[in-house]
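Asks: Here the sequence shown stands for residues 42 to 313, where the numbers follow this note's numbering. Glycine included, each C-beta is placed from N, C-alpha and C at the ideal position. Note that the coordinates shown come from a computational prediction; the quantities given were computed from them, not determined experimentally.
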Amino acid sequence: MHYEAAGFEIRTENAAKPVSQPSTYLRDWLLSHLAVSEALDYGCGKLRYTGYLAKVAGFVAVVDSEIQLSRVQTIAGLQTSIREFVARRWPNVRAYNVSEFSRVAPRFELALCANVLSAIPQKGPRIEAIRVVASHLNQAGVGLFTVQSRNSYFKAWASDPKARRYGDGWLVPSDGRASFYGIITRPKLERLVSEAGMHVVKSWVHGESSYVLAAGRSRVITSPNFVERRRVAAPACGDRFTRPAKSAPSRQVKEQRRGPGRDQFDERFIDR
Ligand SMILES: C[S@@+](CC[C@H](N)C(=O)[O-])C[C@H]1O[C@@H](n2cnc3c(N)ncnc32)[C@H](O)[C@@H]1O
Numbered sequence: 042m043h044y045e046a047a048g049f050e051i052r053t054e055n056a057a058k059p060v061s062q063p064s065t066y067l068r069d070w071l072l073s074h075l076a077v078s079e080a081l082d083y084g085c086g087k088l089r090y091t092g093y094l095a096k097v098a099g100f101v102a103v104v105d106s107e108i109q110l111s112r113v114q115t116i117a118g119l120q121t122s123i124r125e126f127v128a129r130r131w132p133n134v135r136a137y138n139v140s141e142f143s144r145v146a147p148r149f150e151l152a153l154c155a156n157v158l159s160a161i162p163q164k165g166p167r168i169e170a171i172r173v174v175a176s177h178l179n180q181a182g183v184g185l186f187t188v189q190s191r192n193s194y195f196k197a198w199a200s201d202p203k204a205r206r207y208g209d210g211w212l213v214p215s216d217g218r219a220s221f222y223g224i225i226t227r228p229k230l231e232r233l234v235s236e237a238g239m240h241v242v243k244s245w246v247h248g249e250s251s252y253v254l255a256a257g258r259s260r261v262i263t264s265p266n267f268v269e270r271r272r273v274a275a276p277a278c279g280d281r282f283t284r285p286a287k288s289a290p291s292r293q294v295k296e297q298r299r300g301p302g303r304d305q306f307d308e309r310f311i312d313r
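1) Per the contact definition of three or more C-beta pairs closer than 8 angstroms, is the segment 173-189 in contact with the segment 144-153?
2) Just grab the DSSP bridge partners of Thr121 for me.
3) Terminal residues of the continuous beta strand (DSSP E) containing Tyr207?
4) With a threshold of 7 angstroms on Cβ separation, who are the neighbours of Pro63 within its own chain once the five nearest residues in sequence on each side are excluded?
5) Within 8 angstroms, do at least three Cβ pairs link the segment 109-124 to the segment 65-75?
6) Does the distance from the CB of Tyr83 to the CB of Pro166 come in under 9 angstroms?
7) Give the DSSP bridge partners of Gln189, in chain order.
8) If you follow the alpha helix (DSSP H) that Trp70 is part of, which residue opens it and which one closes it?
9) Can you have a look at Thr65 and say buried or exposed, based on whether 16 or more other CB atoms are within 10 angstroms of its CB?
10) Ends of the beta strand (DSSP E) at Glu141?
11) For the alpha helix (DSSP H) containing Val101, list its first residue and its last residue.
12) Between which residues of its own chain and Ala275 is the CB-CB distance below 6 angstroms, once the five residues before and five after are set aside?
13) Determine the DSSP secondary structure at Val60, reduced to helix, strand or coil.
14) Looking at Tyr207 and Ala47, is the spacing between their C-beta atoms short of 9 angstroms?
15) Just the C-alpha distance for Val134 and Pro202, rounded to the nearest angstrom, thanks.
16) Measuring from the CB of Lys58, is there a heavy atom of ligand 1 at a distance below 8 angstroms?
17) State the DSSP-derived secondary structure class of Leu233, mapped to helix, strand or coil.
18) With DSSP collapsed to three states, give me the class of Tyr93.
19) When every heavy atom of ligand 1 is checked, does at least one fall within less than 8 angstroms of the C-beta of Gln114?
20) Thinking just about the alpha-carbon of each residue, which of Gln163, Trp245, Val253 and Ala170 is nearest to the one in Tyr222?
21) Would you kindly check if the distance between the Cβ of Arg172 and the Cβ of Ala237 is under 9 angstroms?
22) Could you tell me how far apart the beta carbons of Thr226 and Ala160 are, in whole angstroms, since I believe they sit closer than 8 angstroms?
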């Protein structure tokens, strides 16, 4: 996705790191998540975390700009495109550009949005990206938003005459374009997620990264990764955004919690 900041074009697809450089913490978090039927890798980049999601999910949708999905680049040591790599490697993964994804039904139980918001230079498109994720979660769905909030480059840029402050981050011009890295702290990430209409379930910092786990405002959390099954509204983990739930879950909600059976698997992939 391309953005404009201070007269520079920001090509965020160039900010994606290779599969060989995952955060081991995030990798382990994903691998320890109990199985879900459908997961989303929003802003998948070079598929750094898709393989781990594909291990815990029956189906994974990866979403990024068309240029990121179709250009030939090095993915896991191969000269290929995301679309080709996914089609050949993973039968349970499908790639969508942002426009295609807008026609996909809200059905995801787990969404990952890793290092996407910090690549976006303005608040409006950050909120919009979170809303897209939120609008694709199912009744029990949760999204994990993560950004790197600290790193040694941030300090180096402060004394680099080429780098300049823009919004909450740094613009680093090169060849008429620029790269951007927003510094989004945990409280700021919570605020963004909340302003986008999601409910912050839990937030934490590990190493140099901030994490916010969030659900839709009126949704019911049934993710087995929680210590106990509980309503979104039940305060826990220092959650400041909780609201009490009004009534017991309806039969429809209970059915949605259980999810469709395996025999319905293919049918649910039909886009609206
Ligand atoms: C820094 S990379 C992160 C990639 C991957 N999630 C990771 O952690 O390795 C940011 C990715 O987000 C994509 N992106 C930027 N804005 C987006 C948006 N509004 N919707 C979907 N993807 C977006 C970019 O094209 C890029 O591939």
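Replies: Reading from the atomic positions:
1) yes
2) Gln114
3) Arg205 to Tyr207
4) Arg89 and Tyr90
5) no
6) no
7) Ser250
8) Thr65 to Leu72
9) exposed
10) Counting along the chain, Glu141 falls outside any beta strand (DSSP E), though it belongs to the alpha helix (DSSP H) covering Val139 to Phe142.
11) Val101 -> not in any alpha helix (DSSP H); beta strand (DSSP E) instead, spanning Ala98 to Asp105.
12) Residue placement at Ala275 is poorly supported in this model, since its pLDDT is 30, which falls under 50; the coordinates still yield a value, given next. Correct list: empty, nothing qualifies.
13) coil
14) yes
15) 43 angstroms
16) yes
17) helix
18) helix
19) no
20) Gln163
21) yes
22) Not quite, the Cβ-Cβ distance comes to about 16 angstroms (not below 8 angstroms), so this is no contact.
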